[in-house]
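Numbering-wise (my numbering), the sequence shown opens with residue 3 and increments by one.
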Amino acid sequence: MSVRHFLSLLDLSSKELVQLIDRAIELKRIHRDGQLYQPLQGRVLAMIFEKASTRTRVSFEAGMAQLGGHAIFLSPRDTQLGRGEPIDDSARVISRMVDIIMVRTFSQHSLQHFATYSQVPVINALTDSFHPCQLLADMQTFKEHRGDIRGKRVAWIGDGNNMCHSYINAAIQFDFELAIACPFGYEPNREIMEAGGDRIILLHDPLKAAEHAALVTTDVWASMGQEEEQRHREHAFAPFQVNSEVMAVAKSDALFMHCLPAHREEEVSSRVIDGPQSVVWDQAENRLHAQKALLEFLLQAK
């Protein structure tokens, strides 16, 4: 049986993703009930970080511990990758010693290359192209608060970045309409967007994108590695802030999400992120539960 990887949402079927979200909700209930559930005793997760992160490290490390396993944190200083060892050699060696590997890096191509030579499942914990683990948490959060997202409208306001690309894949897999509002010159990758077909609407007006939306979501204007563009981006993205005016044209019970960290009064107003429609803290917590469901799924599929 070939190894199952999770490099984007498209690596699982729609049915598998729905089952995984339901399992994440169940694992959340088990954890909150204080029940001990440790099916991964003796299993080891290697966590390779080429990009820093608070939520990703804590959620994967805590999740592995709660499931009875162990996680090893590896920064660029802790691996030969940081000294120029070929990706395929590192993948061959590390995957002979652990049961599953999580990689947070820059290039999707490098991640795919690593997975090609890995004997164990590889999880994309963020690349410049996709952030599929965050979408698992987002879809879980929507289901908990509003039920099935199928047929609903989601508004993505902001950069056509890795989160936007992942929302495009989510629209395909979970069958919802995605209205994208971004400044000219910051559109998502055309090939990724075209794969979404008529589920994807590209606009340059946040109010039109948010009309009748059941979910409004955004991200920072300058992602990690784009700090030098900060001032230029602040000017380009200023009309794309998610504020009360934007939320007012969405459905009256629309949710607001943000993958965090957020810059208040830039991409989102304090009134929205701290308001009653915001579910960002549930969304952040659900990284833990969704990734536990993913670890369980991939290790059982091995």
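We put the CB at the ideal spot given by N, CA and C, even for glycine. All figures in this text were calculated on a predicted structure; none of them were measured in a lab.
Measure the C-alpha to C-alpha separation of residue i and residue j and round it to an integer number of angstroms.
i: VAL248; j: ASN191; result: 25 Å
i: GLN232; j: SER225; result: 9 Å
i: ASP101; j: PHE239; result: 42 Å
i: GLU193; j: THR220; result: 21 Å
i: ARG57; j: ALA286; result: 8 Å
i: GLU189; j: LEU11; result: 20 Å
i: GLY149; j: CYS166; result: 22 Å
Check residue i in the structure and name its three-state DSSP category.
i: VAL105; result: strand
i: ARG94; result: helix
i: ALA181; result: strand
i: ASN314; result: As shown, the chain starts at 3 and ends at 304. That puts residue 314 outside it, with no answer to give.
i: SER131; result: coil
i: SER61; result: helix
i: SER168; result: helix
Give the DSSP bridge partners of residue i, in chain order.
i: VAL46; result: HIS72
i: LEU11; result: LEU11 pairs with nothing; no bridge assigned.
i: PHE51; result: ARG106
i: THR219; result: TRP158, MET259
i: VAL244; result: VAL270
i: ILE202; result: LEU180
Could you check which residue in the options has the C-alpha nearest to that of residue i?
i: LYS17; options: GLN110, ASP80, CYS135, ARG152; result: ARG152
i: GLY277; options: LEU9, MET259, TYR119; result: MET259
i: ILE32; options: VAL156, LEU290, LEU300, LEU301; result: LEU290
i: LEU128; options: GLN121, LEU138, VAL122; result: LEU138
i: GLU267; options: ASP284, VAL244, SER55, ALA64; result: VAL244
i: ALA64; options: VAL46, THR81, SER77; result: VAL46
i: SER77; options: MET66, ASP90, MET104, ASP91; result: MET104
* To do: Would you check if there are 3 or more beta carbon pairs closer than 8 Å linking the stretch 168 to 176 to the stretch 205 to 215?
  => no
* To do: Check whether the stretch 285 to 302 touches the stretch 238 to 254, taking contact to mean three or more Cβ pairs, one atom from each stretch, closer than 8 Å.
  => no
* Counting pairs of beta carbons, one from the stretch 18 to 37 and one from the stretch 92 to 100, are three or more of them closer than 8 Å? -> no
* Hey, is the stretch 41 to 55 in contact with the stretch 70 to 83, meaning 3+ C-beta pairs nearer than 8 Å? -> yes
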